[in-house]
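If you count the sequence shown from 1, position 242 lands on 243 in the numbering used here, and the numbers rise without skipping.
Think of the CB as a built atom: it goes at the ideal place given N, C-alpha and C, for glycine as much as any other residue.
Values in this document were obtained by computation on a predicted structure and should not be read as measured data.
Below: one structure, written as structure tokens.
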Amino acid sequence: MTSVRPVGRHITNDIFHRAIVAAQQAPSAHDARPWRWKVTNGVLDLFLHIESSPGLPAPDGRLATIGCGAALHHARLTLAAGGWRVTTTRLPDLTEPAHLARLHIDGPAPVSPGTADLARIIELRHTDRRPVTGRRITPEQLSTICAAFESQHVRLAVLRPDQILGLAVATAHADGLESAGRQWQSELALWAGGDRIVGAPDHQSLPATQDGHDRAATFVVLHGPGDQRQDWLHAGEALSAGSLVAAGLGVSTLPFSAPIEHERARAILRDAVPDLGRPYLMARLGHH
């Protein structure tokens with residue numbers, strides 16, 4: 002298959018507007034969309050806008066920045082699918098911490114079929130809270146999805162059943178978690194159809210399944226060596242890339258936020274899965 006190269010095109014604000022609209026579809030904790038875009042002199046700037054999402058936990062801005070990373074990837078992908086070569090500068094102004102990224106269009110570029118297909122999935126992808134009851138994802142599907150996540154400068158750990166059970170036991174007996182512990186328990190309950198996730202309103206919930214955990218599900222952890230704003234931004238970009246590729250394969254991605262909202266919760270996760278670096282997010286993969 003051949004790629005398409007746009008010829009004789011001019012960069013207009015409408016091009017950036019399409020990217021901004023697509024970015025609104027990105028997953029974020031509490032569906033908060035904690036970002037703000039600004040078009041100036043032919044560049045598109047992404048800003049963290051926590052004021053728009055006061056209910057977000059993690060006062061360090063971790064979850065909000067991850068959401069911004071997902072929006073950034075959606076915007077990058079939309080511009081690329083529109084036939085533009087884009088330079089992405091992350092954290093372009095160190096004196097302004099809220100300024101997370103800048104997108105500059107360098108000129109026309111070929112559009113590969115894979116890029117075009119992935120961009121079309123943006124409007125189709127959605128967070129599915131239902132328990133996983135379908136067939137297990139195949140090793141080939143898992144390999145493709147893992148590669149998509151890891152293409153964005155993060156690592157992906159696939160949890161074994163004993164590690165999932167270990168997490169459930171550890172959180173059930175943990176002391177001093179307070180609200181973080183209750184949130185963590187809610188996420189574990191969600192594995193059986195219960196409570197809160199990234200990318201959907203808080204008031205939505207489903208009853209638990211009868212057999213406990215989603216036996217057909219695969220659970221993964223995004224992690225890496227660093228734990229700074231740029232790392233969180235990459236984690237969000239990975240969430241976008243991985244979930245879009247998964248959706249194209251008919252696999253749903255359900256992100257969990259509580260395992261990384263507080264240091265105590267992250268410590269429990271690292272204890273249960275010793276080979277992890279710094280955990281950024283957990284997710285459930287599966288068919289419905």
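**Item:** Cβ pair count under 8 Å reaching 3, the segment 217-231 against the segment 272-287
**Value:** yes
**Request:** Out of His100, Leu119, Trp85, state which residue places its alpha-carbon closest to the alpha-carbon of Pro35.
**Result:** As a first step, residue 35 is located in the sequence shown; it is residue number 34 there, counting from the start. Pro35 has its Cα closest to that of His100, out of His100, Leu119, Trp85.
**Message:** Output needed for Lys39: all residues of its chain with C-beta closer than 6 Å, excluding positions within five of it in sequence on either side, in chain order.
**Reply:** Within the sequence shown, numbered from 1, the residue matching residue 39 stands at position 38. These residues qualify, in order along the chain: Asp46.
**Request:** May I ask which residues mark the beginning and end of the alpha helix (DSSP H) holding Val246?
**Result:** Within the sequence shown, residue 246 is the residue found at index 245, counting from 1. First-last of the alpha helix (DSSP H) with Val246: 230-249.
**Message:** Which residues does DSSP list as the beta-bridge partners of Arg91?
**Reply:** In the sequence shown, the residue the question calls residue 91 occupies position 90. Ala102, per the DSSP bridge assignment.
**Request:** Round the Cβ separation of Arg126 and Leu245 to the nearest angstrom and send it over; I've been treating them as touching at under 8 Å.
**Result:** Position 125 of the sequence shown, counting from 1, holds the residue named residue 126. Position 244 of the sequence shown, counting from 1, holds the residue named residue 245. Sure, about 6 Å apart at Cβ, within 8 Å.
**Message:** Alpha carbons only, please: which of His263, Ile269, Ser258, Arg271 is nearest the one belonging to Ala33?
**Reply:** Against the sequence shown, residue 33 aligns to sequence position 32. Taking only the C-alpha atoms, the option nearest Ala33 is Ser258.
**Asked** Which two residues bound the contiguous beta strand (DSSP E) that contains Ala217?
**Response** Locating residue 217 in the sequence shown gives position 216, where the first residue counts as 1. Run containing Ala217: none; DSSP gives neither H nor E here.
**Asked** Would the beta-carbon of Ile106 fall within 8 Å of that of Val133?
**Response** Numbered from 1 along the sequence shown, position 105 holds the residue referred to as residue 106. Numbered from 1 along the sequence shown, position 132 holds the residue referred to as residue 133. No, the pair does not count as a contact, with Cβ atoms beyond the cut-off.
**Message:** In whole angstroms, give me the CA-to-CA distance for His18 and Val274.
**Reply:** As a working note, residue 18 is residue 17 in the sequence shown. As a working note, residue 274 is residue 273 in the sequence shown. Cα to Cα, the separation comes out at about 42 Å.
**Message:** Runs of 3 residues minimum, wholly inside the segment 247-284: which ones carry the beta strand (DSSP E) assignment?
**Reply:** 253-257
**Prompt:** What residue range is occupied by the uninterrupted alpha helix (DSSP H) comprising Ala71?
**Reply:** Working through the sequence shown from its first residue, we reach residue 71 at position 70. Looking at the DSSP string, the run of the alpha helix (DSSP H) that includes Ala71 is 63-82.
**Prompt:** So Leu49 packs on Ala71, CB below 8 Å; how close in whole Å?
**Reply:** Here residue 49 refers to the residue found at position 48 of the sequence shown. Here residue 71 refers to the residue found at position 70 of the sequence shown. With a Cβ gap of about 13 Å, Leu49 and Ala71 do not count as contacting.
**Prompt:** Would DSSP call Leu166 helix, strand or coil?
**Reply:** Your numbering for residue 166 matches position 165 in the sequence shown. Three-state result, Leu166: helix.
**Prompt:** Can you name the residues that DSSP bridges to Leu49?
**Reply:** As a first step, residue 49 is located in the sequence shown; it is residue number 48 there, counting from the start. Answer is Trp36.
**C-alpha gap between Trp233 and Thr13, whole angstroms** = Counting from 1 along the sequence shown, the entry for residue 233 is found at position 232. Counting from 1 along the sequence shown, the entry for residue 13 is found at position 12. Whole-angstrom Cα-Cα distance: 30 Å.
**Prompt:** Given Ala242, which residues of its chain have a CB within under 7 Å of its CB, disregarding the five upstream and five downstream residues?
**Reply:** Here residue 242 corresponds to residue number 241 of the sequence shown, with the count starting at 1. For Ala242, where only same-chain residues beyond five positions count, the Cβ hits under 7 Å are His74, Ala149, Phe150, Ser152, Gln153.
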